[in-house]
Every structure is written in structure tokens, then in C-alpha cells.
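Position one of the sequence shown corresponds to residue 265 (the numbering used here), numbered consecutively onward.
Glycine residues also receive a C-beta, built at the ideal position from the N, C-alpha and C atoms.
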Amino acid sequence: MRFAKTLLALAAFAGAASGQLAGPNEAGVSMGAIWLNVTDVEVQKRFWVDSLGGTAIKAGPYDAIKFPDVIVILRKNYSSGGSKGSSVDHLGFLVRDVRALHKTMKAQGVRFVTQTEVSGGRAKGDYWFNPPQKTYQAFIMGPDDVKIELTEDPSLAQPVAHHHVHFFTPDVPAIKDWYVKTFAAVGGQRGQFQAADLPGVNLTFSEGQDRVPTKGRAVDKIGFEVRNLKEFCKRLEKAGVKFDKKYTRVRELGVHAAWLTDPWGTSIELTEGFNRL
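Below, the structure written as C-alpha cells:
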């Protein structure tokens, strides 16, 4: 699974309709929502809408931002730290033109951290050309220290789309195998990284020690939308998966949901109904 193929596959999902979640895989799973703990909802909304190009919506009582293939939900809440240092180090988005977006974001005061986040001193400025992946990339630090990687894909049908969630873990083979077995993700590689694909998201895995769980951090949990969620949860339980909270209806959101934590500390919300937002 090459990086270019991943870009094409995710762009195809995103191209179905702007702001639409991807259709499910054979197990009924696709990317859903990402929940953020935020100190100032309006500051976050301006960043995700004005700087990154998402669409402001409501998810029940919560402000949320919709992108092709993902919904970012903003919950006003204390966080114990940014995404960096947790099991989910950063989120990744595709954009049509990194250099043009850089100009816009710099004028808006967005903080670029590319030089410190690209290893080996390879990045000399706010963005860089990644030779193995043959594209421009940049790292930014959003409000509440949510780290985001921007990757250029000029073929995008829209200016921005969700791309990946990057995990740091002491056991890369084990986490990859867990996501493949649990959610029927398709294992492979993204560039030099071990990875697994679900519709709407590439799950990227890097080695990292001393990572804390996501619960309570700026990126509090990731979510997958699941067709026939009740039956899916039953299958997971039979396979030995333990739920933090079992399948139930969340009336304020108008969805059914269940919650679990992966063995490396990433909180996961399974939902059925966010694809109607």
C-alpha cells in the first residue's frame, strides 16, 4: 500500500460529497468523529473554519466542524495537555496547496512547527518537500496544542479533506494487528510508516515510548461510524473486547454509541448516526 494509493483512495471517498462521511467497509466501519477538549470554543471554530476550511455545524448541543470524511466536535472542557505526548500524536489533513495555505495561515497567526516536528533537520522552513512521498507537507499547532499535519494533494476535489490519525506506540506490529482485526482495517504502509486503512482515514503507527492515554487530552477520543452498531458490538464482545460503556442511545446527539479504549490508551467512540449530520 503506497502513500500515493492512499491519497487517491481517500480523495475518492472525499470526492463523493463535500463534508460527507465515507461509506463503510465490509465490516460496516468508517471514520466518524474526533472529540476535542477545548478552552475556548469560538477560538477553535475560527481556526477550523477560517484557517483550515471546515464547515461549522451542530452535533446536538456541541459546536462541531465538518470536513470530508470526519466531524471534529468541540467540547468546552479542561485538558491535561495537547495531542503531542499522547497515544494520538497528531491528526492529518490533505490540502490542495500547502504553500498557498501557508500564506493565509501565517497572516492569521497560525503557529507552524514543521522544523521541530520533521526529524533530522530536514525541514528548513514552515513547509518542506518530502522526497519519498513526493509532495509538500507542513505541521501546525492549533489552539489547545492540537498538532496537525498538512499534506498537499493537488488532485483533491475540494480544498481540504481528512487524511490520517498518527499513533505513537511502543509496539507498532501489535497495534496495527489490533486495528486490522478489530475494525477490518486494511494493513499496509504509508511511506516509511506501518499503517492500516479504513474508509475516510489512514491509521498511521510510529514507535514512541512513554505515551499517555488520550482521555482528558486535547484530542480526547477518536470515533468510528459503524453500520448495525448493536450487532457489531456483540461481535466485539464475543471476540473478547471490553467496553468502557456499552451500546446505548445518546439522545442529545441523536445517535447510538459505545465506548472502548485500545490497549495503548486511545479512547474510541463507536457511533451509528453521525453520517446523517
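In whole angstroms, what is the alpha-carbon distance linking residue i and residue j?
i, j, result
"Gly373", "Thr415", "20 Å"
"Ala280", "Gln308", "In this predicted model, Ala280 has a pLDDT of only 39, less than 50, meaning its place in the structure is not dependable; the value taken from the coordinates is given anyway. For Ala280 and Gln308, the distance between alpha carbons rounds to 27 Å."
"Glu501", "Ala371", "50 Å"
"Val336", "Arg386", "31 Å"
"Ala291", "His426", "21 Å"
"Ala320", "His354", "21 Å"
"Trp312", "Val293", "25 Å"
"Trp442", "Asn466", "15 Å"
"Arg499", "Phe376", "43 Å"
"Gly450", "Pro463", "According to the sequence shown, residue 450 is Val rather than Gly. About 10 Å."
"Tyr400", "Leu358", "10 Å"
As a quick exercise: from the options, pick the residue whose alpha carbon is nearest that of residue i.
i, options, result
"Val519", "Gly537, Gly529, Ala503 and Thr530", "Gly537"
"Gln379", "Trp442, Ala402, Phe432 and Phe507", "Ala402"
"Pro325", "Gly385, Asp333, Arg339 and Val313", "Arg339"
"Tyr511", "Ala328, Val490 and Lys348", "Val490"
"Val362", "Ala320, Phe469 and Leu316", "Leu316"
"Ala503", "Phe376, Ser294 and Phe447", "Phe447"
"Gln456", "Pro407, Val293 and Pro396", "Pro396"
"Ser470", "Pro437, Val359 and Val450", "Pro437"
"Glu306", "Leu517, Ile329 and Ser531", "Ile329"
"Lys485", "Gly529, Arg515, Lys411 and Asn539", "Gly529"
"Leu493", "Ile321, Leu534 and Gly464", "Leu534"
"Pro527", "Gly464, Val505, Glu516 and Leu541", "Val505"
Please look up how many angstroms separate the CB atoms of residue i and residue j, rounded, as I've assumed it's under 8 Å.
i, j, result
"Ser344", "Arg475", "With 8 Å as the limit, Ser344 and Arg475 do not qualify as a contact, their Cβ atoms being about 13 Å apart."
"Lys479", "Ala460", "Rounded, the Cβ-Cβ distance is 22 Å, inconsistent with contact."
"Asp409", "Ala482", "6 Å"
"Gly472", "His428", "About 16 Å separates the two Cβ atoms, so there is no contact after all."
"Asp333", "Leu300", "Between Leu300 and Asp333 the Cβ distance is about 17 Å, and since that is not below 8 Å, they are no contact."
"Gly296", "Phe488", "5 Å"
"Arg360", "Asp417", "7 Å"
Specify the secondary structure class of residue i as computed by DSSP and reduced to three states.
i, result
"Glu489", "strand"
"Ala449", "coil"
"Gly455", "coil"
"Arg375", "strand"
"Gly287", "coil"
"Trp528", "coil"
"Leu365", "helix"
"Gly385", "helix"
"Glu533", "strand"
"Ala503", "coil"
"Ala421", "coil"
"Asp409", "helix"
"Ser343", "coil"
"Asp327", "strand"
"Leu274", "Per-residue confidence for Leu274 stands at a pLDDT of 43, beneath the threshold of 50, marking its modelled position as unreliable; the derived number appears in the next sentence. If DSSP states are grouped into helix, strand and coil, Leu274 belongs with the helices."
"Gln401", "strand"
Between residue i and chain C, is there a C-beta pair that is closer than 9 Å?
i, result
"Gly287", "No chain C is present in this structure, which holds just one protein chain."
Would the C-beta of residue i count as close to the ligand PLP, meaning under 8 Å from any of its heavy atoms?
i, result
"Ser383", "You won't find the ligand PLP in this model; it holds no ligand whatsoever."
Three or more C-beta pairs closer than 8 Å, one from the segment 383-400 and one from the segment 352-370: is that the case here? yes
Quick check: the segment 405-423 against the segment 522-529, are at least 3 beta-carbon pairs closer than 8 Å? no
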